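Protein chains in written order, with my numbering: chain A, 1 to 324; chain B, 325 to 648. Even for Gly, the Cβ is constructed at its ideal location relative to N, Cα and C. Note that this is a predicted model, so its numbers are computed, not measured. First comes the structure, then the notes that go with it.
Have a look at this one:
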């Protein structure tokens, strides 16, 4: 923790966190049990019956000074991840949280329902499902790092993800168990977040894109712009008209054509973008390789050129007059 | 998010996060399954066999400028909680993270193994046990807020915890499921943190005190001072000599005498403090009511007078010459 600062200091006017959203559920008729929480403490009687708060989420805000973003910029993580994916990169560089704070945006990171500091109280009892936990090996191919495994270490030509063994382990350590049955709770919690924060720019990655599209459709007066980084899914086709007033930027990385899943996911994204345009909306699609930006994995905000892509996002936001 | 700042801005030289600790474990011979991670995405084949990283933890650092603390100040949360318990209080005030940053300390918050952004990969498969999840009602009496339930709302005379219904719900929403079988993993991860951060002051609450005592005994050259806020347990009696060179401050709140569990927990803490002194160590014990500071619950860092107690800690650190 003693390396010299690579960047100038930043002034924060305010920073902090809160939990938001969720609902009450009641449990009755389960047997009490005795729990020794800590060795050397005293046993406590734990009655599991009562009221639980389920489906809340965690938000962490930092407000720089001076402030140049017209409104808060919300960073929504992908599945199996938390807000930490926008902080320091796995190889120790400043992340997108830093990038946008340094440009005067109020930045709000979140841990969505069931993940990170949101906690998974009464999930899966309320939602069903079992947690999916990733091996060290699993995302290597799925996130388009290389053809084999992290142990063999071969990466795609020009790969920008910091795929050295130490950085890969740092990345895997930040992955958290994931349920696939919490989408309704999560969308509701994002809505509660938007109600609390007010008009915002939403920058969403992967599964976060699924929630961002739908949140924009449900809260179109609050989501003022959408930046979707490799969104895993689309909005609802029947509500496409709600997106007419919300400018959208979609960004895709490299190595998609040879992937098993991403050609189909991207094609559906582009078809949805076309439908939004037909409904009077504005959608820009950036395939990074077509701009000469090569080597990006699915984890664009962690890739070595993460600042270059962030600068592209910043330029787009400036052009939308959301920054002054 | 538009209320005026109640405090002046702060300058950060650096901030960010990392994961640390944990070990590899291998799983074989489990059947693969197909997972549709996001509706409208493409199904993925998930092979649960392979290498998992288990028992890592999350750390989040902020380095103010100018820096006046002699070394980083690590804030270790209690059981069922995360690093968020040191951030904004449930009623929206600045927490101890803010207090110590504003006094020039580098502050490191952590989410210990299995909790928050640490994730619970292969817990409980590795450790056994089932998660304990708290009701809205449970900690009301156990954390010494009032005699009944949050629904009846009666609090102990002079109670400092912000126990209005909205704040109590904010507090409960930050509680996360908790295993009671992860102590060994957690202590090892705290050790990895200490190895990475280097000489530090450890400020620990409740269950965090159990880990702090033991970490100080295992890494006595790295833990340079201990501040234990209602520690739930003690160190190991056989290793009491390791604590001789580490000044310790223990703090207890109000309403202990009439509690079911805290008289015994505090008595064991005081007996251990006596043993440390007998081994040549320095332990100060502060019962807040004896200092005229009344009304503190178990969640001292969230109580309305949290800054007053933080100032007492700061004074003690200054007297130890750990701040300049």
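Distance between residue j and residue i (C-alpha atoms, nearest Å)
i	j	result
residue 136(A)	residue 636(B)	45 Å
residue 429(B)	residue 394(B)	8 Å
residue 477(B)	residue 26(A)	18 Å
residue 341(B)	residue 370(B)	29 Å
residue 261(A)	residue 144(A)	10 Å
residue 42(A)	residue 538(B)	18 Å
residue 452(B)	residue 505(B)	7 Å
residue 255(A)	residue 296(A)	8 Å
residue 75(A)	residue 139(A)	21 Å
residue 141(A)	residue 150(A)	9 Å
residue 499(B)	residue 334(B)	29 Å
residue 287(B)	residue 61(A)	The question about residue 287(B) has no answer here: the residues shown for chain B are numbered 325 through 648.
residue 66(A)	residue 409(B)	28 Å
residue 492(B)	residue 184(A)	25 Å
residue 486(B)	residue 531(B)	22 Å
residue 125(A)	residue 118(A)	16 Å
residue 64(A)	residue 481(B)	40 Å
residue 522(B)	residue 559(B)	21 Å
residue 512(B)	residue 589(B)	24 Å
residue 325(A)	residue 52(A)	This structure cannot speak to residue 325(A), because chain A is shown only from 1 to 324.
residue 179(A)	residue 446(B)	14 Å
residue 237(A)	residue 252(A)	21 Å
residue 434(B)	residue 573(B)	20 Å
residue 401(B)	residue 646(B)	22 Å
Local conformation of residue i per DSSP, three classes
i	result
residue 28(A)	coil
residue 21(A)	strand
residue 429(B)	coil
residue 251(A)	strand
residue 361(B)	coil
residue 231(A)	coil
residue 613(B)	helix
residue 226(A)	strand
residue 69(A)	strand
residue 300(B)	Missing from the structure shown is residue 300(B); chain B here goes from 325 to 648 and no further.
residue 304(A)	coil
For residue i, the nearest candidate out of the options (CA to CA)
i	options	result
residue 546(B)	566(B), 634(B), 557(B)	566(B)
residue 346(B)	382(B), 366(B), 338(B)	382(B)
residue 415(B)	334(B), 497(B), 388(B)	497(B)
residue 367(A)	166(A), 284(A), 239(A)	Coverage of chain A is limited to positions 1 through 324, which leaves residue 367(A) absent and any answer about it impossible.
residue 34(A)	278(A), 48(A), 83(A)	48(A)
residue 392(B)	407(B), 379(B), 426(B), 362(B)	426(B)
residue 134(A)	148(A), 240(A), 80(A), 272(A)	80(A)
residue 209(A)	273(A), 294(A), 8(A), 6(A)	273(A)
residue 268(A)	363(B), 336(B), 331(B), 348(B)	363(B)
residue 115(A)	159(A), 147(A), 54(A), 146(A)	54(A)
Beta carbon proximity, residue i to chain B, threshold 8 Å
i	result
residue 37(A)	yes
residue 301(A)	no
residue 23(A)	no
residue 183(A)	yes
residue 199(A)	no
residue 256(A)	no
residue 204(A)	no
residue 116(A)	yes
residue 298(A)	no
residue 238(A)	no
residue 304(A)	no
residue 173(A)	yes
residue 100(A)	no
residue 229(A)	no
residue 52(A)	yes
residue 167(A)	no
residue 129(A)	no
Contact with chain A by residue i, beta-carbon distance below 8 Å
i	result
residue 352(B)	no
residue 444(B)	yes
residue 462(B)	yes
residue 646(B)	no
residue 500(B)	yes
residue 518(B)	no
residue 632(B)	no
residue 336(B)	yes
residue 325(B)	For residue 325(B), the predicted structure reports a pLDDT of 46, less than 50, and the residue's modelled location is therefore unreliable. The matter cannot be settled from this model.
residue 558(B)	yes
residue 457(B)	yes
residue 333(B)	yes
- What residue ranges within the segment 113-187 of chain A form continuous alpha helix (DSSP H) runs of no fewer than 4 residues, ordered along the chain? 138-142, 165-173
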